[in-house]
Amino acid sequence: MQEQGNRESYKHVLKYTGLFGSVQVLIILIGLVRNKAMALLIGAGGIGFNSLMMSMQNFASQTTNLGISFGAVPRLSEYYEQGNNSRLEYYIKVIRLWSLIAAVLGLLFCLAISSFVDQWSFTWGNHTLHYAMLGISVALLALTGGETAILKATRHLGPIARIQIYSAVVAVVLSLPLYYIWGHRGVVPAILLISLATMLLTMSYSYRRYPLRLSFRRSLLSDGAGMIRLGVAFVLAAAIGSASEMFIRSFLNVEGGLDIVGFYNVGYMLTITYAGMVFSSMETDYFPRLSAVQKDIVATNDMVNKQMEVSLLLLAPMLVVLLALLPVLVPILFSREFMPVVAMAQVAVMAMYFKVLTMPVAYITLARSRSLAFLFLETSYFVALVLSIVLCYRFWGIYGTGVAIVIAHLCEYVLTTAFAYWQYGYRYTGSVVSYAIVQMMIGVAAFVVSLACDGWGYWIAEVALAVASTAYSLNILRQKTHLWESLKRKLTNS
Numbered sequence: 203m204q205e206q207g208n209r210e211s212y213k214h215v216l217k218y219t220g221l222f223g224s225v226q227v228l229i230i231l232i233g234l235v236r237n238k239a240m241a242l243l244i245g246a247g248g249i250g251f252n253s254l255m256m257s258m259q260n261f262a263s264q265t266t267n268l269g270i271s272f273g274a275v276p277r278l279s280e281y282y283e284q285g286n287n288s289r290l291e292y293y294i295k296v297i298r299l300w301s302l303i304a305a306v307l308g309l310l311f312c313l314a315i316s317s318f319v320d321q322w323s324f325t326w327g328n329h330t331l332h333y334a335m336l337g338i339s340v341a342l343l344a345l346t347g348g349e350t351a352i353l354k355a356t357r358h359l360g361p362i363a364r365i366q367i368y369s370a371v372v373a374v375v376l377s378l379p380l381y382y383i384w385g386h387r388g389v390v391p392a393i394l395l396i397s398l399a400t401m402l403l404t405m406s407y408s409y410r411r412y413p414l415r416l417s418f419r420r421s422l423l424s425d426g427a428g429m430i431r432l433g434v435a436f437v438l439a440a441a442i443g444s445a446s447e448m449f450i451r452s453f454l455n456v457e458g459g460l461d462i463v464g465f466y467n468v469g470y471m472l473t474i475t476y477a478g479m480v481f482s483s484m485e486t487d488y489f490p491r492l493s494a495v496q497k498d499i500v501a502t503n504d505m506v507n508k509q510m511e512v513s514l515l516l517l518a519p520m521l522v523v524l525l526a527l528l529p530v531l532v533p534i535l536f537s538r539e540f541m542p543v544v545a546m547a548q549v550a551v552m553a554m555y556f557k558v559l560t561m562p563v564a565y566i567t568l569a570r571s572r573s574l575a576f577l578f579l580e581t582s583y584f585v586a587l588v589l590s591i592v593l594c595y596r597f598w599g600i601y602g603t604g605v606a607i608v609i610a611h612l613c614e615y616v617l618t619t620a621f622a623y624w625q626y627g628y629r630y631t632g633s634v635v636s637y638a639i640v641q642m643m644i645g646v647a648a649f650v651v652s653l654a655c656d657g658w659g660y661w662i663a664e665v666a667l668a669v670a671s672t673a674y675s676l677n678i679l680r681q682k683t684h685l686w687e688s689l690k691r692k693l694t695n696s
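With the sequence shown counted from 1, adding 202 to any position gets you my numbering.
1. If you count every other CB in all the chains shown that lies within 10 Å of the CB of M561, and 16 or more means buried, which is it?
2. Could you give the DSSP three-state label for F465: helix, strand or coil?
3. Nearest to R387 by alpha carbon, out of V434, Y333, K354, G347?
4. Assign A668 to one of two classes, buried (16 or more other C-beta atoms within 10 Å of its C-beta) or exposed (fewer than that).
5. To the nearest angstrom, report how far apart I365 and Q681 are at their CA atoms.
6. Output needed for L243: all residues of its chain with C-beta closer than 6 Å, excluding positions within five of it in sequence on either side, in chain order.
7. Within the stretch 263-331, note down every full alpha helix (DSSP H) run reaching 4 residues or more, in order along the chain.
8. Considering only C-alpha positions, which residue in the set S369, Y293, E280, L278 is nearest to L228?
9. Quick one: what does DSSP say C613 is sitting in, helix, strand or coil?
10. Beta-carbon within less than 7 Å of V640's beta-carbon, same chain only, minus the 5 sequence neighbours each way: which residues are those?
11. Between the alpha carbons of I294 and L345, how many angstroms are there, rounded?
12. Tell me which residue opens and which closes the alpha helix (DSSP H) that L528 is part of.
13. So what's Q725 in DSSP terms, helix, strand or just coil?
14. Please report the distance separating the alpha-carbon of N677 from that of S513.
15. Between A648 and the rest of its own chain, which residues show a CB-CB distance below 7 Å, the 5 nearest in sequence each way excluded?
16. For I462, tell me which candidate among G250, G233, L679 has the shortest Cα-Cα distance.
17. Where P342 and A638 are concerned, what is the direct C-alpha to C-alpha distance, given to the nearest angstrom?
18. Can you find at least 3 beta carbon pairs, one from the stretch 576-591 and one from the stretch 433-451, that sit closer than 8 Å?
19. Specify the secondary structure class of Q641 as computed by DSSP and reduced to three states.
20. Can you check which of these residues, C655, L376, L299, is closest to L398 by C-alpha distance?
21. Rounded to whole angstroms, what is the Cα-Cα separation between W661 and L617?
22. Is L653 buried or exposed, if buried means 16 or more other CB atoms sit within 10 Å of its CB?
23. Going by alpha carbons, who is nearest to W624 out of S257, N286, I499?
24. For Q625, does the three-state DSSP call read helix, strand or coil?
25. Could you pull out every residue in the same chain whose Cβ sits closer than 7 Å to the Cβ of R289, ignoring the five residues on either side in sequence?
26. The alpha helix (DSSP H) with M561 in it runs from where to where?
27. Please report the distance separating the alpha-carbon of L454 from that of R277.
28. Got a sec, what are the start and stop residues for the alpha helix (DSSP H) T356 sits in?
29. Say whether the stretch 602-609 touches the stretch 565-578, bearing in mind that this needs 3 or more beta-carbon pairs closer than 8 Å, one atom from each stretch.
30. Can you tell me which of T356, L395, F436 puts its alpha carbon nearest to the alpha carbon of Y409?
31. Taking a contact to mean a Cβ-Cβ separation below 7 Å, would you say E511 touches V646 in this structure?
32. Am I right that L515 and L679 are in contact with their C-beta atoms under 8 Å? What's the rounded C-beta distance?
33. Locate the alpha helix (DSSP H) running through I393, then write down its first and last residues.
34. Can you grab the Cα-Cα spacing for the pair Y331 / L310, in whole Å?
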């Protein structure tokens, strides 16, 4: 009976990791079209400018959104599970009113700091108006975040996936004509139009299920206070992260120019962002399940380790393939102008082995509502990242930023794991340790090959390592989930 339960638990993790990961794959493929077109239409400098604008948008949004997209979910989800429709509809009014307040705050915040940010991040031109205009986008994102929280808490995950896909398509359709006509000057209008389209798409789903009934009673403000308190630590951590990314890009712009910012952004996107598709199920599926057992140390350890095993086994082969294909992917997805990114991205890939061992453990702190601890751990990572980028860039240029990403993720892994060991009694299983050792050894071997080999020797060695990593993962997953038997039954029944 226990073996059957373990098998079902692994299948559940695999199913939802695969489901949300598949959505992210599709979004990434659509994004690749946009990135390729951006590289051709506005070049590395244009991508660097877009990166600076997006960093400002993210910073302002995460500083002023009051954590509604995160803090609203637990209570709303509780009402939904209880079938308490009257409280559910009332709390939706609370969320929408606070989302409107967050939207106004975001707009005013951008207007207030636009001049300062322009002086800090640019050594040429006046971009104050660009930064101020982003306030409109930040306001739209605040309204979108509230509606997304409503859909997430009420288990409308299908619409959320469709919104993400449609938004990615709309981003391509709206932005590319602007880049073609106006070049760099089309970046900010494209950001505004994409934010507007995403908000309208989200509202079209949420309003259909829960029609808009705005109210401005004082009780709505007080009843939202708990939601805001829960989201404050999340907001602060996100704001610190966005500020760190803004500082990094501004530092690289001042030290090396917009081309360097563009190179860094592409390398970061190829490794951190694309590998994140394996982690996309954690907030929507893993985090609620972990919260339900957070007081039980044994159950918590079991759930964390199973999530870690599946995530590692799925991600590791992808990392080897990505590392091997980067010399081919970069000129295809962008242009040969971006070839300096290859070496930086290849070393940054190694950071993902530490990230996959860190994220499932990091969620324990969130599940236990240890807001200050979460804020401390997140801040420590970003401090390590900023310091590493500044030092390593001055020593090794753009390649050094990849080394810095690895150093920062290693520091995060050590600190997060040690904290969980000390505070929560978290312990690795022997399976996690053995899987991690094998897959990290294969990853290190692939990285060494990328440094030492070229020509046919490079491809033969990399393909062999990719096959070894994939075969190892599939064999373990087959044993854990009886994967082949499930596939055979589905094929037979069909």
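For each residue, glycine too, the CB sits at the ideal point set by N, CA and C.
Fair warning: this is a prediction, and the values are worked out from it, not measured in the lab.
Concretely, from the data shown:
1. Position 359 of the sequence shown, counted from the start, is the residue given in the question as residue 561. Result: buried.
2. Here residue 465 refers to the residue found at position 263 when the sequence shown is read from its first residue. In this structure, F465 counts as helix in the three-state DSSP scheme.
3. Position 185 of the sequence shown, counting from 1, holds the residue named residue 387. Nearest C-alpha to R387: Y333.
4. As a first step, residue 668 must be located in the sequence shown, where it is residue number 466. Buried, because 16 or more other Cβ atoms sit within 10 Å of the Cβ of A668.
5. Within the sequence shown, numbered from 1, the residue matching residue 365 stands at position 163. Within the sequence shown, numbered from 1, the residue matching residue 681 stands at position 479. So the alpha carbons of these two residues sit roughly 36 Å apart.
6. Your numbering for residue 243 matches position 41 in the sequence shown. Taken in chain order, the residues that qualify are Y381, Y382.
7. 270-273, 275-284, 287-323
8. Here residue 228 refers to the residue found at position 26 when the sequence shown is read from its first residue. Closest by alpha carbon: S369.
9. The count along the sequence shown starts at 1 and reaches residue 613 at position 411. Of the three classes helix, strand and coil, the one that applies to C613 here is helix, per DSSP.
10. For the purposes of this step, residue 640 is taken as the residue at position 438 of the sequence shown. Taken in chain order, the residues that qualify are Y674.
11. The residue labelled residue 294 in the question sits at position 92 within the sequence shown. The residue labelled residue 345 in the question sits at position 143 within the sequence shown. Going from the Cα of I294 to the Cα of L345 covers about 13 Å.
12. Locating residue 528 in the sequence shown gives position 326, where the first residue counts as 1. Counting along the chain, the alpha helix (DSSP H) containing L528 begins and ends at 499-535.
13. Outside the modelled stretch of the chain, which goes from 203 to 696, sits residue 725, for which no answer is possible.
14. Here residue 677 refers to the residue found at position 475 when the sequence shown is read from its first residue. Here residue 513 refers to the residue found at position 311 when the sequence shown is read from its first residue. The straight-line gap from Cα to Cα measures roughly 15 Å.
15. Taking the sequence shown and counting its residues from 1, the one referred to as residue 648 is at position 446. Cβ within range, chain order: V522, L525, A526, E664, L667.
16. On the sequence shown, residue 462 is found 260 positions in, with the first residue counted as 1. The shortest C-alpha separation from I462 is found at G250.
17. The residue you call residue 342 lines up with position 140 of the sequence shown. The residue you call residue 638 lines up with position 436 of the sequence shown. The question names Pro, yet the displayed sequence has Leu at residue 342. When rounded, the distance between both Cα atoms is 42 Å.
18. yes
19. Within the sequence shown, the letter at position 439 stands for residue 641. Helix, per DSSP.
20. The sequence position of residue 398 within the sequence shown is 196, counting from 1. For the residues C655, L376, L299, the minimum Cα distance to L398 belongs to L376.
21. As a working mapping, residue 661 is identified with position 459 in the sequence shown. As a working mapping, residue 617 is identified with position 415 in the sequence shown. Each residue's alpha carbon lies about 37 Å from the other.
22. For the purposes of this step, residue 653 is taken as the residue at position 451 of the sequence shown. Exposed.
23. Residue numbering aside, residue 624 sits at position 422 when the sequence shown is read from its first letter. Minimum Cα distance to W624 is reached at I499.
24. For the purposes of this step, residue 625 is identified with residue 423 of the sequence shown, where counting begins at 1. Residue state, collapsed to three classes: helix.
25. Looking up residue 289 in the sequence shown gives position 87. Counting only Cβ-Cβ distances below 7 Å, and skipping sequence neighbours, we find Y281.
26. In the sequence shown, counting from the first residue as 1, residue 561 sits at position 359. Taken as a continuous stretch (DSSP letters only), the alpha helix (DSSP H) holding M561 covers 553-569.
27. Sequence index remark: in the sequence shown, residue 454 carries index 252 (1-based). Sequence index remark: in the sequence shown, residue 277 carries index 75 (1-based). In a straight line, the C-alpha of L454 is about 42 Å away from that of R277.
28. For the purposes of this step, residue 356 is identified with residue 154 of the sequence shown, where counting begins at 1. T356 -> no alpha helix (DSSP H), and no H or E assigned at all.
29. no
30. Position 207 of the sequence shown, counted from the first residue, corresponds to residue 409. Comparing Cα positions, the closest option is T356.
31. In the sequence shown, residue 511 corresponds to position 309, counting from 1. In the sequence shown, residue 646 corresponds to position 444, counting from 1. No.
32. Stepping through the sequence shown from its first residue, residue 515 is reached at position 313. Stepping through the sequence shown from its first residue, residue 679 is reached at position 477. Right, their Cβ atoms sit about 6 Å apart.
33. The count along the sequence shown starts at 1 and reaches residue 393 at position 191. Where I393 is concerned, the enclosing alpha helix (DSSP H) stretches over 389-411.
34. Reading the sequence shown from its first residue, position 129 is the one you call residue 331. Reading the sequence shown from its first residue, position 108 is the one you call residue 310. Note on residue identity: the sequence assigns Leu, not Tyr, to residue 331. Looking at the two C-alpha atoms, the distance is approximately 13 Å.
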